[in-house]
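Per this note's numbering, the very first residue in the sequence shown carries number 1102; after that it's consecutive.
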Amino acid sequence: MIKKSIISSCVLVSLFFLFKSFYEKNSLREISSKSNFNVGASVLASPFLEDEQYKNILKRDFNLITIENDLKFAKVHPQRDSYNFVIPDLMVKFAKENNMKVRGHTLVWHATLPDWLTDRKYSKEELTNILKNHIQTVVGHYKGKIYAWDVVNEAYNDDGTLRENIWLQTIGPEYIELAFRWAHEADPDALLFYNDYSNEEINKKSNAIFNMAKSLKEQGVPIDGVGFQMHSSITYKKNYEQIKENFKRYENIGLKTQITEMDVKIQHSNKPNQERLQDQAKMYSETLNACLASSSCNAFITWGVTDKYSWIPDYTGKEDAPLLFDTDYKPKPSYKAVYRALQKNLK
Ligand code: 9MR
């Protein structure tokens, strides 16, 4: 009995050192940058401001950051006549110093709106002007510094209809097209994306989004691609053939696709932890394989860096471990799976 447990401890210790030396020799950034592929993570203000180890992982393993919250309407435009760029400016500076791209998130959304906007009703003309000024001020502030914007986020319901939100109710469905045009006027070099969740497989929502993007492109509206958030759970198996088919149809019409907010929940499974982490690793690599099977897909971004800071425990009220690094900043099996998928697919 004692002999058996000594042997299994030795196996675990050697696996740990093997994995450690794997991590020391390899980085996601290095392998991605050689092929001009974007590998990124979203960044939160508090660890960014306080945690050097967090920033060290960011610059070591990623060539792109997405500003997770600090460019949302309520954060960047808290009063009708004042903007606050302090934190996003620091993040953009950090990215520049470390030769990383930045994704701006997000210009038009139904959530994280300031009270001054939601507390009273505006006329169509007033709200149109407010949105135009907002987009042009924010995009203009970062002209030449932000590589891509999520211009419109989550505008569709699961049944493929447009979500009721203040923009649709007051401006009308043309708010989407207008937002892209205004963003392009403010920075003609920035790539402009529509971004949503549950749009990776073929379903009513993903068809509606594809048709919208195709029609905008045909009308000459400056849209460059669609973002697929990819918030996932090991207990919901995805249809990777459909995901590939979906990315392929964007390739066929000359639009880019990007995985913009991937994380994988493990809290709903009853399996032992090690097995859940293996299932999670598989889900990360299969998703990345589906992305890399299409030339339209040029970015893979996780929604956070380490399990220490993720939106999921706050949102679900339960512990989880959805990302590539654990709470001690050690790379998880998912990290290695992502590395292997990049290695297998990138030339
Ligand atoms: O992770 C973000 C969390 O910290 C914020 O409180 C929340 C509300 O602004 O937004 C979360 O990010 C969301 C993203 O902006 C859009 N897609 C879904 C993400 C998770 O809810």
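Heads up, the beta-carbon is just placed ideally off N, CA and C, and yes, glycines get one too.
All values reported here derive from a predicted model rather than from experimental measurement.
Beta-carbon gap between residue i and residue j smaller than 9 Å
i: tyrosine 1243; j: proline 1432; result: no
i: alanine 1422; j: leucine 1389; result: no
i: threonine 1089; j: serine 1334; result: As shown, the chain starts at 1102 and ends at 1448. That puts residue 1089 outside it, with no answer to give.
i: glycine 1273; j: valine 1240; result: no
i: glutamate 1281; j: valine 1327; result: Looking at the sequence shown, residue 1281 is not glutamate but phenylalanine. Contact flag unset, no.
i: tryptophan 1404; j: glutamine 1330; result: yes
i: asparagine 1139; j: asparagine 1164; result: yes
i: aspartate 1297; j: tyrosine 1341; result: no
i: leucine 1279; j: lysine 1318; result: no
i: cysteine 1392; j: isoleucine 1360; result: yes
i: valine 1406; j: alanine 1196; result: no
i: aspartate 1408; j: phenylalanine 1426; result: yes
i: serine 1397; j: glutamate 1362; result: no
i: arginine 1181; j: isoleucine 1231; result: yes
i: alanine 1175; j: leucine 1145; result: no
i: alanine 1438; j: lysine 1372; result: no
i: lysine 1419; j: glutamine 1368; result: yes
i: isoleucine 1236; j: alanine 1284; result: yes
i: threonine 1167; j: isoleucine 1402; result: yes
i: asparagine 1399; j: threonine 1336; result: no
i: asparagine 1347; j: isoleucine 1303; result: yes
i: serine 1395; j: lysine 1448; result: no
Enclosing alpha helix (DSSP H) for residue i [first to last residue]
i: asparagine 1312; result: 1305 to 1319
i: isoleucine 1277; result: 1276 to 1287
i: threonine 1271; result: 1267 to 1271
i: lysine 1339; result: Neither: lysine 1339 is in no alpha helix (DSSP H) and is coded neither H nor E.
Nearest neighbour of residue i, chosen from the options [CA to CA]
i: lysine 1121; options: Tyr1430, Asp1408 and Asn1399; result: Tyr1430
i: lysine 1338; options: Ser1128, Asp1297 and Tyr1385; result: Tyr1385
i: aspartate 1364; options: Glu1352, Gln1381, Leu1356 and Asn1353; result: Gln1381
i: valine 1252; options: Asn1258, Lys1305, Asp1259 and Lys1173; result: Lys1173
i: aspartate 1162; options: Tyr1184, Gln1180, Ile1360 and Ser1134; result: Ser1134
i: alanine 1291; options: Glu1301, Ile1360, Trp1404 and Tyr1248; result: Tyr1248
i: isoleucine 1267; options: Asn1300, Thr1229 and Ile1236; result: Thr1229
i: threonine 1417; options: Lys1366, Glu1226, His1285 and Thr1358; result: Lys1366
i: aspartate 1259; options: Ala1309, Ala1212 and Pro1215; result: Ala1309
i: lysine 1306; options: Arg1264, Trp1250 and Asp1190; result: Arg1264
i: proline 1189; options: Glu1198, Ser1183, Asp1182 and Val1177; result: Val1177
i: glutamate 1169; options: Phe1149, Ile1277 and Lys1160; result: Phe1149
i: tyrosine 1410; options: Arg1130, Ser1147, Glu1153 and Lys1126; result: Ser1147
i: threonine 1238; options: Ile1324, Lys1202, Gly1321 and Glu1286; result: Glu1286
i: serine 1435; options: Ala1394, Arg1377, Asn1199 and Leu1447; result: Arg1377
i: threonine 1219; options: Glu1198, Trp1250, Lys1233 and Pro1179; result: Pro1179
i: tyrosine 1184; options: Leu1269, Thr1358, Asn1200 and Asp1171; result: Asp1171
i: lysine 1194; options: Ser1128, Asn1234, Asn1347 and Gly1245; result: Gly1245
i: tryptophan 1412; options: Lys1448, His1332 and Thr1336; result: His1332
i: serine 1128; options: Asn1137, Tyr1440 and Leu1447; result: Tyr1440
i: methionine 1201; options: Leu1159, Glu1301, Phe1311 and Asp1288; result: Leu1159
i: leucine 1424; options: Gln1379, Lys1448, Ala1394 and Ser1395; result: Gln1379
i: arginine 1191; options: Ser1395, Glu1151 and Ile1277; result: Inspection of the sequence shows that residue 1191 is occupied by leucine rather than by arginine. Comparing Cα-Cα distances from leucine 1191 to each of Ser1395, Glu1151 and Ile1277, the minimum goes to Glu1151.
i: glutamate 1301; options: Lys1126, Gly1321, Ile1277 and Glu1387; result: Glu1387
i: valine 1203; options: Gln1154, Trp1250, Gln1320 and Val1187; result: Trp1250
i: arginine 1350; options: Ser1370, Lys1233 and Asn1312; result: Asn1312
i: glutamate 1255; options: Thr1207, Ser1316, Gly1321 and Glu1275; result: Thr1207
Boundaries of the beta strand (DSSP E) in which residue i is found, first to last residue
i: glycine 1241; result: Segment 1225 to 1242 is the alpha helix (DSSP H) holding glycine 1241; no beta strand (DSSP E) there.
i: phenylalanine 1163; result: Premise fails: phenylalanine 1163 is in no beta strand (DSSP E) and is neither H nor E.
i: serine 1333; result: 1332 to 1334
i: tryptophan 1210; result: Premise fails: tryptophan 1210 is in no beta strand (DSSP E) and is neither H nor E.
i: asparagine 1254; result: 1249 to 1254
i: asparagine 1062; result: This structure cannot settle anything about residue 1062, because the visible part of the chain is limited to 1102 through 1448.
i: valine 1327; result: 1326 to 1329
Closer than 9 Å to chain D by CB, residue i
i: tyrosine 1436; result: The chain labelled as chain D is not found in the depicted structure, where only one protein chain is given.
Residue i beta carbon near the ligand SAM (any heavy atom closer than 8 Å)
i: lysine 1366; result: The ligand SAM is absent from the structure shown, which contains only the ligand 9MR.
TODO: Can you check the stretch 1364 to 1443 for any beta strand (DSSP E) of at least 3 residues that lies completely inside it and give the ranges in chain order?
DONE: 1398 to 1403
Report the residue ranges of all beta strand (DSSP E) runs contained in full by the stretch 1130 to 1188; include only those spanning at least 3 residues, in chain order. 1139 to 1144 and 1165 to 1168
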